[in-house]
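One structure below.
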Amino acid sequence: MERAASATHNSIRPLDNLSSETGYAATLYIDDKLHEECGVFGVWAPDEDVARLTYFGLYALQHRGQESAGIATTDGETLMLRTRMGLVSTAFDEESLSGLKGHAAIGHTRYSTTGSSRLCNAQPLRLDDPNLGWLALAHNGNVTNAEPLHAELAAEGVNFETTSDSEVIGKLAIASHGANWVTKYRRAMSRLTGAYSLALLTPTHLLAIRDPMAIRPLCIGRLPSGGWVVSSESCALMTVGAHFIREVEAGEIVIIGAEGLTSYADLPKAEQALCVFEYIYFARPDSVINKVSLYTARQNMGRELAREHPAEADIVIGVPDSATPAAIGYSLQSGIPYTEGLIKNRYIGRTFIQPDQHLRERGIGLKFNPLPEVLSGKRVIVVDDSIVRGTTTKPIVELLRRSGATEVHVRIHSPAMSHPCYLGVDTARREELIAHRMSVEEIARHIGADSLGYLSLPGLFSAVGQGGDQLCSGCFTGNYPVPVQMEFATDHKLAMEYVGEDKPPAPPRRLELDVDQVEMDLDRIPVGADH
Ligand code: SF4
């Protein structure tokens with residue numbers, strides 16, 4: 002039977018014997034999460050302050066990347082571009098925003114997946130075509146064949162100024178035959194493998210492009226003034242007062258200008274493979290992807306989890322903030338009251354997350370304080386979204402026990418992650434993933450839990466209302482939507498910074514699109530237009 006979730010405030014105990022007994026008992030500084038990719042945002046709105054709108058859009062997408070931020074605007078001729086390391090709030094101030102004038106803009110928040118964390122890799126990138134002029138590019142995703150394409154273009158004399166796969170996309174488009182940007186990007190897309198959701202800016206147009214498998218999200222919105230917005234997530238549309246129109250379709254190129262919105266959606270269809278981790282953790286719960294509310298999907302995951310892995314307990318808590326909707330779902334399904342048991346320091350949040358392992362090991366990351374007055378004497382079900390290395394879960398279990406929990410049952414609202422991601426998510430090397438090294442029982446013993454339960458893959462698909470033919474679940478199954486080289490580790494992100502013998506193994510060749518079909522489709526695209 003279902004019972005409404007509620008906080009439990011009865012049986013509050015004195016705190017005398019629950020104070021910190023060890024140096025770390027009261028606080029956790031450990032990060033064991035997957036890391037997002039990037040956020041892209043674009044505005045075409047001649048009657049609006051496009052730089053300011055983009056700033057607020059990026060602010061709403063800050064969770065997708067915290068390393069660098071950038072905004073590019075145009076007044077129809079000139080490109081104005083500012084990129085800085087750090088958060089959106091520190092990269093821009095009133096003065097810098099007021100210097101970014103124009104009728105259209107794109108913006109980017111970055112978490113590095115290919116290319117290291119430094120200013121030269123910050124986006125938007127400026128690219129110059131000898132015939133078409135400048136173009137600014139913002140990219141979310143990871144191109145898995147960037148390295149051979151980079152080598153091929155370099156051998157043809159193309160110079161690279163960054164070490165990111167995003168520049169490979171842009172330089173490949175410039176090197177591709179075509180009288181306008183559409184034909185150039187169409188041809189480039191036939192050679193790219195992997196994930197790319199792009200926002201592009203020319204002097205006159207805003208373009209949005211999504212890879213043929215639609216691995217990363219990208220949507221379109223409309224401002225009350227009639228202007229257009231493109232965004233990685235719909236939550237940013239709401240932030241700037243735009244209403245959701247639709248997703249950018251798989252393989253689609255959308256061009257927005259004075260003549261309105263034009264769509265080129267004639268690439269041969271590939272199997273869809275939206276990253277299922279967008280539903281589990283990455284995207285904000287107030288976003289909607291493929292008509293599915295992220296908040297509802299996460300509650301459903303919690304409900305499925307309760308059905309698959311029930312436990313006798315007094316309270317359900319979530320690891321804040323990402324697991325809260327699933328913990329509520331677990332509570333609603335099981336009838337066990339939901340309450341807060343861990344408090345996250347919101348002023349640390351993800352601000353301090355850095356992408357490299359050695360920085361993680363310096364102990365920067367999430368910070369929780371327990372609520373012993375809630376936890377003491379209770380059998381606790383703690384819901385979290387995932388376990389990557391297990392470095393956070395074990396201390397959380399200890400923290401709950403030290404705060405008086407008599408039993409700790411860990412429930413994870415995703416399947417066991419036993420494979421790395423090669424499509425734009427910073428996971429870990431396979432040997433670092435705890436589910437690769439241990440069985441569920443061994444992990445439960447390792448983290449000190451009384452029991453451990455992962456949501457099954459069918460349970461996850463049921464919760465999001467989509468199946469394996471529409472979603473990528475490679476990090477759970479090892480079956481990726483594009484060919485990947487299993488030993489090709491996360492150092493791939495630095496692949497284009499290696500030299501000589503230290504170079505890591507080359508990535509696999511792309512999954513070929515039907516180039517003849519692409520060539521045929523290109524004939525239907527009017528040439529000479531300025532986009
Ligand atoms: S492998 Fe996992 S994290 Fe990577 S795109 Fe697929 S579902 Fe997302």
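If you count by the working numbering, then the sequence shown holds residues 2 to 532, one letter each, in order. Every residue gets a Cβ at the ideal spot worked out from N, C-alpha and C, and that includes glycine.
Rounded separation between residue i and residue j - CA only
{"i": "E362", "j": "G103", "result": "Confidence in E362 is poor, its pLDDT being 42 and thus under 50, which makes the residue's placement unreliable; the coordinate value appears in the next sentence. Taking the straight line joining both Cα atoms gives about 44 Å."}
{"i": "T548", "j": "C39", "result": "Since the first residue shown for the chain is 2 and the last is 532, residue 548 is missing from the structure and cannot be characterised."}
{"i": "L434", "j": "T392", "result": "10 Å"}
{"i": "G172", "j": "G330", "result": "Note that residue 172 is Lys in the sequence shown, not Gly. Distance between the alpha carbons of K172 and G330 is about 47 Å."}
{"i": "E96", "j": "P47", "result": "21 Å"}
{"i": "M439", "j": "R446", "result": "10 Å"}
{"i": "E443", "j": "M418", "result": "15 Å"}
{"i": "T55", "j": "R211", "result": "20 Å"}
{"i": "E432", "j": "N480", "result": "17 Å"}
{"i": "Q300", "j": "P326", "result": "5 Å"}
{"i": "P505", "j": "R390", "result": "Reliability fails at P505, whose pLDDT of 38 lies under 50, so the model's placement of it is uncertain and the value that follows must be treated cautiously. About 23 Å."}
{"i": "Y296", "j": "L333", "result": "14 Å"}
{"i": "R285", "j": "V426", "result": "16 Å"}
{"i": "S226", "j": "A298", "result": "32 Å"}
{"i": "V183", "j": "Y339", "result": "52 Å"}
{"i": "A243", "j": "T263", "result": "19 Å"}
{"i": "H437", "j": "L458", "result": "16 Å"}
{"i": "K292", "j": "S165", "result": "32 Å"}
{"i": "I413", "j": "L376", "result": "19 Å"}
{"i": "E168", "j": "S198", "result": "14 Å"}
{"i": "I337", "j": "V89", "result": "40 Å"}
{"i": "M81", "j": "S294", "result": "36 Å"}
{"i": "I170", "j": "I318", "result": "44 Å"}
{"i": "L98", "j": "A328", "result": "40 Å"}
{"i": "A147", "j": "T91", "result": "31 Å"}
Contact set for residue i: own chain, Cβ-Cβ below 8 Å, skip 5 residues either direction
{"i": "V398", "result": "V383, V409, V411, I448, G449, A450"}
{"i": "P213", "result": "M190, A251, G252, L268, P269, K270, A271, L514"}
{"i": "D321", "result": "The residue asked about is misnamed: residue 321 is Pro in this sequence, not Asp. E341, L343, I344, K345, F369."}
{"i": "T163", "result": "G116, C121, N122, L126"}
{"i": "G261", "result": "none"}
{"i": "G134", "result": "T203, P204"}
{"i": "G87", "result": "Q67, E68, S69, A70"}
Cutoff 6 Å; reference residue i; Cβ partners in own chain excluding five residues on either side
{"i": "T394", "result": "I388, I448"}
{"i": "G71", "result": "T84, H109, A123, Q124, P125"}
{"i": "S335", "result": "A307"}
{"i": "D287", "result": "C236"}
{"i": "K185", "result": "A174, S177, G179"}
{"i": "A266", "result": "E250, E253"}
{"i": "L258", "result": "For clarity, residue 258 is Gly in the given sequence; the question names Leu instead. T205, H206, listed in sequence order."}
{"i": "F93", "result": "Y56"}
{"i": "G350", "result": "With a pLDDT of only 46 at G350, under 50, the local geometry of the prediction cannot be trusted, and no value is derived from it."}
Own chain partners of residue i with C-beta closer than 7 Å, once the 5 adjacent residues on each side are dropped
{"i": "I461", "result": "Before going on, a small fix: residue 461 reads as Leu here, not Ile. Same-chain partners within the cutoff: V277, M302, S415, P416."}
{"i": "A237", "result": "F42, G58, A61, L62"}
{"i": "T407", "result": "G378, K379, R380"}
{"i": "V51", "result": "V44, T74, G103, H104, A105, A106"}
{"i": "E305", "result": "L456, G460, S463, A464"}
8 Å Cβ cutoff met for residue i and residue j
{"i": "G58", "j": "T240", "result": "yes"}
{"i": "A209", "j": "V255", "result": "yes"}
{"i": "F161", "j": "A155", "result": "yes"}
{"i": "A105", "j": "T145", "result": "no"}
{"i": "R570", "j": "S69", "result": "Since the first residue of the chain shown is 2 and the last is 532, residue 570 is not available in this structure."}
{"i": "I216", "j": "A274", "result": "yes"}
{"i": "H310", "j": "G454", "result": "yes"}
{"i": "G195", "j": "V483", "result": "yes"}
{"i": "G179", "j": "R188", "result": "yes"}
{"i": "E248", "j": "L207", "result": "no"}
{"i": "E49", "j": "L224", "result": "yes"}
{"i": "G228", "j": "I246", "result": "no"}
When the options are compared against residue i, the one with the closest alpha-carbon
{"i": "L372", "options": "P396, R403, I216, D386", "result": "R403"}
{"i": "R53", "options": "V249, N132, C422, G100", "result": "G100"}
{"i": "Y423", "options": "D386, D385, G468, C476", "result": "C476"}
{"i": "S323", "options": "D385, A436, L376, E374", "result": "D385"}
{"i": "N132", "options": "L376, N181, L401, I290", "result": "N181"}
{"i": "Q467", "options": "T478, I290, I337", "result": "I290"}
{"i": "E313", "options": "S452, V441, G319", "result": "S452"}
Min CB distance residue i to chain B below 8 Å
{"i": "R223", "result": "In summary, chain B is missing from the structure at hand, where a single protein chain is found."}
Validate contact between the region 53-73 and the region 232-244 using beta carbons, cut 8 Å, 3 pairs
At 8 Å Cβ cutoff, the stretches touch.
If you pair each beta-carbon of the region 470-477 with each one of the region 275-291, do three or more pairs fall below 8 Å?
yes
Cβ contact (3+ pairs, closer than 8 Å) linking the region 135-143 and the region 202-216:
yes
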